[in-house]
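Have a look at the structure below, then the notes.
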Amino acid sequence: MLKHITIEGVRNLAQVQVALPTGATALFGANGSGKTSFLEAIHLLAVGRSFRTHQSKPVIQRGLAHCRIVGEVQRRGRSIIMGLEKHRDGVVKARVAGENVPSLSELALHLPLVLLDTEGLGVVTGPPEGRRRLLDGTLFHVEQGFLSQWKRYASAVRQRNSGLRRGILDSDKAWRREIAETGALLTQHRQAVAAKLADKLTRLAPALSEDFEALEVVFRAGWDQKLSLLEALERNAASDAAQGFTQVGPHRADLRLMRDGVLAADVLSRGQLKLALVALKLVQGALIEDASSIPPLYLVDDLPAELDREHCARVCEQLGAGRQVILTAVDRASLEAAWGDKPLNLFHVEQGRVLPA
Ligand SMILES: Nc1ncnc2c1ncn2[C@@H]1O[C@H](COP(=O)(O)OP(=O)(O)OP(=O)(O)O)[C@@H](O)[C@H]1O
Ligand SMILES: [Mg+2]
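Residues 6 to 362 (this note's numbering) are what the sequence shown spells out, left to right.
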């Protein structure tokens, strides 16, 4: 769990120090007070980048050269200090327990996050990329070595595409074989975790909405499943050469969210879409909880937005069971009403200051 966080120069948070208790914490405050920025700072520490932008500059407070976040993470009674510094030119320095981390992906191993942000609806309604990221982000915690498999596959596709673009075809057969080999392995893992997600979703989703009895996720591997990946690549070889890129394979995979056989994005209401996203993320969190020795920290931005009181309360019911959760809301009363009698630590955010309420 994240016990303590110090934030310096993240957006309007000039200097913030907060001790986070176990269980649930809620931040409330006016528009523009710094609530999302607080979650963003935790995300920076745990992932190395923001969830709002890929650039460094917007995140760093105007007039400063860098921002810094330091967190104390507790795991089985032991404290570990994590620190991250992000500079305007994009340079990122991260340390865990006094050592520089060679790759930012290592940060997430110490502080796994499940993020429910307001822009997150795109995962349900947008292109497959966001859903692949959800699937792969889960696999990263569930399947050791997944990241290196993924990197091998992505590198093979990149190199093949570069050859195709330049019309260099003599090594194409070898690249197709490398893509088929690494891609098939990747897909096996994705298939396995997608099945677990599907199973958990069927059990969890109806608790959030009566309309979710028939909500399901359907995994698409990224090529015609009547063929092996190698066969699919061979069949597309001439067309790929003409187009200059690899048209089939795991980089085209999807995890479709369906209700009654129709894409959920086409039939659900706005609030229901948000609930469906919550369901997916809760299921992701549950899988990480099952697989990893470190339970994830749940960051939930502006929960009451677009949800009625009853549905907001149902989400709180699911979130509240022994997890470390940080929620935000504009209005204190609406969040407290939805949270019910369970303990909730409250902070008030005011012009970049985070104070106990
Ligand atoms: N680089 C920056 N330097 C200084 N201030 C910034 C920077 N980027 C954004 N801000 C300001 O930081 C403030 C905090 O924004 P944030 O999104 O955290 O607010 P919020 O509390 O989540 O509001 P809302 O309820 O509207 O979602 C805003 O007033 C914004 O204008
Ligand atoms: Mg916000």
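A virtual CB, placed ideally from N, CA and C, is assigned to each residue, including glycine.
If leucine 282 sits next to glycine 125, beta carbons under 8 Å apart, how far is it from one beta carbon to the other, in whole angstroms?
-> 6 Å
Give the straight-line distance between the Cα atoms of leucine 234 and glutamate 183, rounded to the nearest whole angstrom.
-> It is roughly 11 Å from the alpha-carbon of leucine 234 to the alpha-carbon of glutamate 183.
Short check: CB of isoleucine 299 to CB of threonine 30, under 9 Å?
-> no
With respect to the beta strand (DSSP E) encompassing alanine 24, which residues constitute its N-terminal and C-terminal limits?
-> 18-24
So does glycine 357 have its beta carbon nearer than 8 Å to some heavy atom of ligand 1?
-> Yes; taking the cut-off as 8 Å, the Cβ of glycine 357 has a heavy atom of ligand 1 nearer than that.
Out of curiosity, what's the CA-to-CA distance linking aspartate 175 and isoleucine 10?
-> Aspartate 175 and isoleucine 10: Cα-Cα distance of roughly 54 Å.
Pull up the distance between the alpha-carbon of glutamine 154 and that of leucine 191, whole angstroms please.
-> 7 Å
Sorry if obvious, but does the Cβ on proline 348 come closer than 8 Å to a heavy atom of ligand 1?
-> No, since every heavy atom of ligand 1 falls outside the 8 Å radius drawn around the Cβ of proline 348.
Could you name the residues that DSSP lists as bridge partners for arginine 328?
-> Arginine 328 is not bridged to any residue.
Closer than 8 Å: is that where the CB of lysine 279 sits relative to any heavy atom of ligand 2?
-> no
Heavy atom of ligand 1 less than 8 Å from the Cβ of valine 335, yes or no?
-> yes
From the beta carbon of leucine 234, is the nearest beta carbon of chain B less than 9 Å away?
-> Of the chains in the structure shown, none is chain B; there is only one protein chain.
Examine ligand 1 and report whether any of its heavy atoms sits within less than 8 Å of the Cβ of glutamate 45.
-> yes
Minimum length 3: unbroken beta strand (DSSP E) runs contained in the region 269-329 = 302-305
Taking 9 Å as the cut-off, decide whether the C-beta atoms of proline 309 and alanine 269 are in contact.
-> No.
Look at the alpha carbon of proline 211 and the alpha carbon of leucine 220, and state the distance between them as a whole number of angstroms.
-> 8 Å
Counted within 10 angstroms of its Cβ, other Cβ atoms place leucine 140 as buried (16 or more) or exposed | buried
Leaving aside the five residues before and after alanine 5 along the sequence, list all residues of the same chain whose C-beta is less than 6 Å from its C-beta, in chain order.
-> One cannot answer for residue 5 here, as it falls past the ends of the chain, which runs 6 to 362.
Is the Cβ-Cβ distance between arginine 73 and glycine 14 less than 9 Å?
-> yes
Residue environment, valine 21, which counts as buried when at least 16 other CB atoms sit within 10 Å | buried
Cβ-heavy atom distance between leucine 201 and ligand 2 below 8 Å?
-> Correcting the residue type first, residue 201 is lysine in the shown sequence and not leucine. Answer for lysine 201: no, Cβ out of range of ligand 2.
Runs of beta strand (DSSP E) wholly within the region 34-87 (minimum 3 residues, chain order) = 71-80
Starting from proline 361, trace the beta strand (DSSP E) both ways and give me its first and last residue.
-> Where proline 361 is concerned, the enclosing beta strand (DSSP E) stretches over 358-361.
Going by other Cβ atoms of all chains shown within 10 Å of its Cβ, with 16 needed for buried, is leucine 262 buried or exposed?
-> buried
Identify, in the order they occur along the chain, each residue of the same chain with its Cβ nearer than 8 Å to the Cβ of asparagine 166, setting aside the five sequence neighbours on each side.
-> Gly249, Phe250, Thr251
Write down the C-beta distance between glycine 345 and alanine 318 rounded to the nearest angstrom, noting that I regard them as a contact closer than 8 Å.
-> 7 Å
Hey, how far is the Cα of leucine 116 from the Cα of glycine 227?
-> 31 Å
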